[in-house]
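Residue numbers (our numbering): 7 to 528.
Right, dumping it as structure tokens:
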């Protein structure tokens, strides 16, 4: 065949191929521009709002673009149409609920901010309050620490403040002057469930079993009261546990609620068993007063830290005394926290020590970075992150690389005095309570900052998360207990309740063009 007869088709194919590559390159370039421009500086006019980019970019690109546009539209109309703006932001947060994208984080932050601007009666519904917004517990004049690892040690002025503990949808709190209240989350509200009346003295320490059946309280009288709250209403007389010869300073339940551990100022650690009618046995004594007690999530090991910086470990499969004693810190141990898989323990004074937990010798790595005492710490659910906080305003995030304690790093966040820090159950949000009364939430991956409803004008002094992580309960020094939506799901429910309806199909198509319609309000 004559070569000239094939030259034309070959040339046409080359031209068409070049044109095709040019189109692909143009789409890729356009997609890159759309994905990497600064959304804060981007101005989307009303005429541009309903325009969908002509090229289909990376997976979920169009959805991300729509969420970004809807969020900006909500902010533009917030002053003139606040209720509609809340509904738009809720729709955007529903479409992209993850904080792991800048657009998803921005949509959630916008929704939080818009909810906070609603009139007081609507905001009450959005906050899921515990009745009167300024209610405090009977006999309380302030508020105090939440039960669980990472608790702040008591000091002089803390003793009459609210204590908090939680299990599932239950929250128990006490103001320190006799008795406690148990609330239950129902229909996005905290409803009073039980009143634990004790007229004999102040409640200084409390704990609730993870199963939600038992509540233990203790005061100055060297005894422990255990309440059965399996039924709603006024419970029967509590079981009184006696055996300590000093003031009870800490209470910890096992995960199945069948054992309770306590320590007192006479340096003794005791175990109380449900199966033996709450019979108590002494587990051992420390050289000096114990200031912190903690139990691994798998119930295998009990740890205690004393005022000289010494760590004690009990293997609960063994009936003997502490199996190991290690000098860990130069000062009193203020914090004990465990990873969810029970493989790591953090102990802290000003510096942290990350321990590997097991039957063999304890191995440790020192975490330095704080200039003052660490008063709260939390591991993420996957064990990849550890957060530590101190009142000097340092909130440090440590990357553990899947538990490899040999490769730690930290990032400093100047956030004002930090009283409490806690990861959400999924590990996608980090909550912190501050001395200025605010509760803040951050995403470890995108470095996005979101501000949620503050706990009041006084410092946050207690913080617990309700399972499965939709609501955060906080106590503050003004004596109040408040509930804030913690997840995107809870925020959307709050928005639907505040506005009184969900978006129509026509509104949805206008706000999120090209995105399939979804009912966000049940």
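Ideal Cβ positions, reconstructed from N, Cα and C, are used throughout, including at glycine.
Spatial distance of residue 527 from residue 502 (CA atoms): Locating residue 527 in the chain shown gives position 521, where the first residue counts as 1. Locating residue 502 in the chain shown gives position 496, where the first residue counts as 1. The straight-line gap separating the alpha-carbon atoms of residue 527 and residue 502 is approximately 6 Å.
Spell out the partners DSSP gives residue 523 in its beta bridges. Counted from its first residue, the chain shown places residue 523 at position 517. Answer is none; residue 523 lacks a bridge partner.
Rounded to the nearest angstrom, what separates residue 323 and residue 279 at their Cα positions? Working through the chain shown from its first residue, we reach residue 323 at position 317. Working through the chain shown from its first residue, we reach residue 279 at position 273. Between residue 323 and residue 279, the C-alpha separation is close to 14 Å.
If we count the other Cβ atoms within 10 Å of its Cβ and call it buried at 16 or more, is residue 365 buried or exposed? In the chain shown, counting from the first residue as 1, residue 365 sits at position 359. Label assigned to residue 365: exposed.
How many Å lie between residue 169 and residue 522 at the Cα? Reading the chain shown from its first residue, position 163 is the one you call residue 169. Reading the chain shown from its first residue, position 516 is the one you call residue 522. Spanning the alpha carbons of residue 169 and residue 522 requires a straight line of approximately 46 Å.
Please name the residue, chosen from 311, 338, 78, that lies closest to residue 98 on a Cα-to-Cα basis. As a position in the chain shown, residue 98 is number 92, starting the count at 1. If we check each option's Cα against that of residue 98, 78 comes out closest.
Short Cβ contact (8 Å threshold) for residue 257 with residue 244: For the purposes of this step, residue 257 is taken as the residue at position 251 of the chain shown. For the purposes of this step, residue 244 is taken as the residue at position 238 of the chain shown. Not a contact, by the Cβ cut-off of 8 Å.
Start and end residues, alpha helix (DSSP H) containing residue 228: Locating residue 228 in the chain shown gives position 222, where the first residue counts as 1. Careful: residue 228 lies outside any alpha helix (DSSP H) and carries neither H nor E.
Cα separation between residue 508 and residue 287? Locating residue 508 in the chain shown gives position 502, where the first residue counts as 1. Locating residue 287 in the chain shown gives position 281, where the first residue counts as 1. Using only the alpha carbons, I get a separation of about 57 Å.
Cβ neighbours of residue 304 in the same chain (closer than 7 Å, five flanking residues each side left out): Position 298 of the chain shown, counting from 1, holds the residue named residue 304. Excluding residues within five positions, the ones whose Cβ falls inside 7 Å are 348.
Close-in-space but distant-in-sequence residues of the same chain around residue 252 (CB under 8 Å, 5 per side omitted): Taking the first residue of the chain shown as 1, we reach residue 252 at position 246. Excluding residues within five positions, the ones whose Cβ falls inside 8 Å are 228, 270, 271, 272, 273, 274.
If you count every other CB in all the chains shown that lies within 10 Å of the CB of residue 197, and 16 or more means buried, which is it? For the purposes of this step, residue 197 is taken as the residue at position 191 of the chain shown. Residue 197 comes out exposed.
Taking the continuous alpha helix (DSSP H) assigned at residue 406, which residues delimit it? Within the chain shown, numbered from 1, the residue matching residue 406 stands at position 400. Membership of residue 406 in any alpha helix (DSSP H) is not indicated, and neither H nor E is assigned to it by DSSP.
Thinking C-alpha only, which one of 497, 340, 524 is nearest residue 113? One-based indexing of the chain shown puts residue 113 at position 107. Considering only alpha carbons, the answer is 497.
Take every Cβ of the stretch 381-390, pair it with every Cβ of the stretch 427-442, and state whether three or more of those distances are shorter than 8 Å. They touch, by the three-pair rule.
Between the Cα of residue 293 and those of 284, 281, 315, spot the shortest distance and give me the residue it belongs to. Taking the chain shown and counting its residues from 1, the one referred to as residue 293 is at position 287. Taking only the C-alpha atoms, the option nearest residue 293 is 315.
Could you check the C-alpha separation between residue 111 and residue 319 for me, to the nearest Å? Walking along the chain shown from the start, residue 111 turns up at place 105. Walking along the chain shown from the start, residue 319 turns up at place 313. Each residue's Cα considered, the two are about 41 Å apart.
List the whole-angstrom C-beta distance separating residue 344 from residue 302, where the pair is believed to meet the contact cut-off of C-beta under 8 Å. If you number the chain shown from 1, residue 344 lands on position 338. If you number the chain shown from 1, residue 302 lands on position 296. Contact check for residue 344 and residue 302: beta-carbon distance about 5 Å, within the 8 Å limit, so the pair qualifies.
What does DSSP give as the partner residues of residue 278 in its beta bridges? Numbered from 1 along the chain shown, position 272 holds the residue referred to as residue 278. Under DSSP, residue 278 shares a beta bridge with 266, 286.
Determine the closest residue to residue 5 out of 82, 101, 86, 96, with distance taken between C-alpha atoms. Absent from the structure is residue 5, since the part of the chain shown begins at 7 and ends at 528.
Residue 489 burial status per 10 Å Cβ neighbour count (16 or more: buried): Indexing the chain shown from 1 puts residue 489 at position 483. With 16 or more Cβ atoms within 10 Å of its Cβ, residue 489 is classed as buried.
State the Cα-Cα distance for the pair residue 242 and residue 467, rounded to the nearest angstrom. Locating residue 242 in the chain shown gives position 236, counting from the first residue. Locating residue 467 in the chain shown gives position 461, counting from the first residue. Rounded to whole angstroms, the separation of the alpha carbons of residue 467 and residue 242 is 31 Å.
C-beta contact flag for residue 190 and residue 175 at 8 Å: Along the chain shown, read from residue 1 onward, the residue named residue 190 stands at position 184. Along the chain shown, read from residue 1 onward, the residue named residue 175 stands at position 169. In this structure, the beta-carbon distance from residue 190 to residue 175 falls below 8 Å.
Rounded to a whole number of angstroms, what is the C-alpha to C-alpha distance between residue 515 and residue 94? Within the chain shown, numbered from 1, the residue matching residue 515 stands at position 509. Within the chain shown, numbered from 1, the residue matching residue 94 stands at position 88. Computed Cα separation, rounded: 11 Å.
Give me, in chain order, the residues of the same chain whose beta-carbon lies closer than 6 Å to that of residue 602; leave out the 5 immediate sequence neighbours on both sides. Outside the shown range of the chain (7 to 528) lies residue 602, about which nothing can therefore be said.
I'd like to confirm the pairing. Which residues does DSSP put opposite residue 322 in its beta bridges? Mapped onto the chain shown, residue 322 falls at position 316. BP columns for residue 322 are empty, so no partner.
Measure the C-alpha to C-alpha separation of residue 334 and residue 211 and round it to an integer number of angstroms. Taking the chain shown and counting its residues from 1, the one referred to as residue 334 is at position 328. Taking the chain shown and counting its residues from 1, the one referred to as residue 211 is at position 205. If you take the alpha carbons of residue 334 and residue 211, they lie about 26 Å apart.
With distances taken from CA atoms, which of 430, 237, 464 is nearest residue 444? Residue mapping note: residue 444 aligns to position 438 of the chain shown, counting from 1. Residue 444 has its Cα closest to that of 464, out of 430, 237, 464.
Just to confirm, are residue 341 and residue 380 a CB contact at a threshold of 8 Å? Here residue 341 refers to the residue found at position 335 when the chain shown is read from its first residue. Here residue 380 refers to the residue found at position 374 when the chain shown is read from its first residue. Remark: C-beta atoms of residue 341 and residue 380 approach each other more closely than 8 Å.
Within 10 Å of its beta-carbon, does residue 179 have 16 or more other beta-carbons around it, so buried, or fewer, so exposed? As a position in the chain shown, residue 179 is number 173, starting the count at 1. Here residue 179 is buried. Its C-beta has 16 or more other C-beta atoms within 10 Å.
Can you tell me the Cα-Cα spacing of residue 187 and residue 200, whole angstroms? Numbered from 1 along the chain shown, position 181 holds the residue referred to as residue 187. Numbered from 1 along the chain shown, position 194 holds the residue referred to as residue 200. One C-alpha to the other measures close to 6 Å.
Kindly give me the distance between the Cβ atoms of residue 121 and residue 500, rounded to whole angstroms, as I take these residues to be in contact under 8 Å. Counted from its first residue, the chain shown places residue 121 at position 115. Counted from its first residue, the chain shown places residue 500 at position 494. About 6 Å separates the two Cβ atoms, so the contact holds.
Go ahead and label residue 474 buried or exposed: buried means 16 or more other beta carbons lie within 10 angstroms of its beta carbon, across all protein chains shown. On the chain shown, residue 474 is found 468 positions in, with the first residue counted as 1. By the 10 Å Cβ count, residue 474 comes out exposed.
Rounded to whole angstroms, what is the Cα-Cα separation between residue 525 and residue 518? Mapped onto the chain shown, residue 525 falls at position 519. Mapped onto the chain shown, residue 518 falls at position 512. If I take the Cα positions, the gap works out to 13 Å.
Would you list the residues sitting across from residue 440 in a DSSP beta bridge? Looking up residue 440 in the chain shown gives position 434. According to DSSP, residue 440 bridges with 424.
Where residue 68 falls: helix, strand or coil (DSSP): Within the chain shown, residue 68 is the residue found at index 62, counting from 1. Residue state, collapsed to three classes: helix.
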